[in-house]
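In the UniProt record's numbering, the protein residues as written are 1 to 515. Every residue gets a Cβ at the ideal spot worked out from N, C-alpha and C, and that includes glycine. Given the structure is predicted, the values throughout are model-derived calculations rather than measurements. Taking it in order: structure first as structure tokens, then the write-up.
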């Protein structure tokens, strides 16, 4: 009898231990959301950062006066509880949320908003995102401890939308001293650790003011892993070591889609990618040469051999949704015209055009199979003419971007651009206005500048769209870039995840994600 009781007792203990082990295993598995990025974040200062991976991470740390609704481009109040707008659209009064703290304990109040606004206004001449969000602000006033009034220089239909942007619109702690490396916001997660080119770890902000409203977060931490090899990232997902992939190589879409434990999310972002031309370089100063490279760009070949069929033809500087809305004219590829222009510019098989192109090495949203595969496709397209010799220089994205920002000489480069706010102006002004710090083409056209500036303040939609069509026509003639196919991008998720959402400008709200 004693032995029987011993066996029963032992069995009960084993059962309890098994239950606890399973419980702990599940909780260990569900406490950290593992997210694979193709490259590291570059800069966490919302007035300085420009890359998509910094955007992804910062969206979890910072908040703005406004925010995007999940999976939408519509905005609603966030750190502002509500707002009022004058009839002429020049005065915006924001009534702020109370009892909100930054992650360092500093209070979020009218003084903090004014500090952020003035910081942005001071940097508007040197920072594109500061200019986008704060460049139109004439004055900011404190009307109470939690009431702030903005007066604009001119009416801006996109002012509220821009206040929701992670870049530019994020509220940062006035006490922060190194935002590039140590971001401090009011959001659901705070930075815990950042090992460059390895991993970024975020922890739940236990003082998050929305925690009680949203029942906290599904995961107590988020760990971003830098995995530049697409196949390695996919294998980590299959092994359950990561829950979300920021990118899926086109050639692996079909096989992943067939797996029961993986869910693919199609993301047709408001984005473009391009072969950019330094219009001041000796080789590409001749517009005929730039135009020839546009006409010779065989998008159908690239779609088939580089994007595995998961891409759309580019129609110029605007993504399909905006291009369809505005109706810009576009020049289709034309081999004969491209060859003729090269010969008119003095090139032949005996004296070919020698072109150097710098390309990001890692996969990115606009080239999900990586820079080398895209380079191989472009090389085949251009060198098959016998009139062009292309040398590709592959660099880490951060290095390439740094070189371009510093104005270091390069003939041509591959980059992409995503809309920040879903508006055509945001696809055109950052790239092509002569004073934009992101105009890496060194492109200058006073008429383009004039039309861009007029469109920013034009409230009549038909007149604004006409200005954009004029701009697109000029860009066709000047050809500062040849636009590449637009990938149909996919993110891959652990099938068990619920609540994942991403909007057309790639803003994710990971605090919604749960098992």
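Quick check on the burial criterion: 16 or more other C-beta atoms within 10 angstroms. Buried or exposed for residue i?
i	result
residue 185	buried
residue 67	buried
residue 143	exposed
residue 86	exposed
residue 491	buried
residue 206	exposed
residue 335	exposed
residue 344	exposed
residue 509	buried
residue 28	For residue 28, the predicted structure reports a pLDDT of 46, less than 50, and the residue's modelled location is therefore unreliable. The matter cannot be settled from this model.
residue 309	exposed
residue 272	buried
residue 402	exposed
residue 332	exposed
residue 299	buried
residue 196	exposed
residue 351	exposed
residue 118	exposed
Quick check: residue i and residue j, are their CB atoms within less than 8 Å of each other?
i	j	result
residue 47	residue 120	yes
residue 155	residue 88	yes
residue 317	residue 447	no
residue 294	residue 479	yes
residue 245	residue 234	yes
residue 488	residue 251	no
residue 34	residue 243	yes
residue 158	residue 247	no
residue 438	residue 455	no
residue 124	residue 115	no
residue 305	residue 375	no
residue 202	residue 222	yes
residue 311	residue 356	no
residue 140	residue 148	yes
residue 440	residue 404	yes
residue 167	residue 260	no
Only counting the same chain, and skipping five residues up and downstream in sequence, which positions put a Cβ closer than 6 Å to that of residue i?
i	result
residue 45	179, 180
residue 241	none
residue 507	59, 68
residue 315	323, 330
residue 347	353, 387
residue 37	53, 224, 226, 246
residue 338	292, 295, 296
residue 433	449, 452
residue 153	136, 138
Who does residue i pair with in a DSSP beta bridge?
i	result
residue 76	67
residue 101	107
residue 493	244, 263
residue 354	389
residue 347	According to DSSP, residue 347 bridges with nothing at all.
residue 141	149
residue 418	271
residue 194	200
residue 486	312
residue 360	395
residue 367	364
residue 410	Paired residues: none, contrary to the question.
residue 280	Beta-bridge pairing links residue 280 to no other residue.
Here's a check: name, in chain order, each residue in its chain whose Cβ is nearer than 8 Å to the Cβ of residue i, leaving out the five neighbours to either side.
i	result
residue 80	65, 66, 94, 95, 96, 97
residue 361	228, 370, 371, 372, 394, 395, 396, 397
residue 63	78, 79, 170, 171, 185, 186, 187
residue 173	102, 103, 104, 106, 112, 184, 185
residue 482	274, 275, 277, 290, 293, 294, 297
residue 270	319, 321, 322, 418, 419, 422, 427, 504, 505
residue 175	102, 104, 106, 184
residue 262	237, 238, 256, 492, 493, 494, 495
residue 163	64, 65, 66, 75, 133, 169
residue 126	437
Leaving aside the five residues before and after residue i along the sequence, list all residues of the same chain whose C-beta is less than 7 Å from its C-beta, in chain order.
i	result
residue 200	41, 57, 194, 224
residue 442	278, 279, 280
residue 514	218, 498, 499
residue 100	79, 108, 186, 209
residue 416	271, 272, 273, 364, 365, 366
residue 383	389, 390
residue 326	318, 424, 465, 468, 469
Within 7 Å: the Cβ of residue i and any heavy atom of the ligand SAM?
i	result
residue 377	Because no ligand of any kind appears in the structure shown, any question about the ligand SAM cannot be addressed here.
So, under 8 Å CB-CB, residue i and residue j are touching, yes? Tell me the CB distance rounded to an integer number of Å.
i	j	result
residue 132	residue 420	7 Å
residue 204	residue 61	Residue 204 to residue 61, Cβ: 12 Å. No contact.
residue 414	residue 359	5 Å
residue 75	residue 151	Between residue 151 and residue 75 the Cβ distance is about 20 Å, and since that is not below 8 Å, they are no contact.
residue 501	residue 474	38 Å between Cβ atoms; not a contact.
Output yes if chain D places a C-beta closer than 8 Å to the C-beta of residue i; else output no.
i	result
residue 409	No chain D is present in this structure, which holds just one protein chain.
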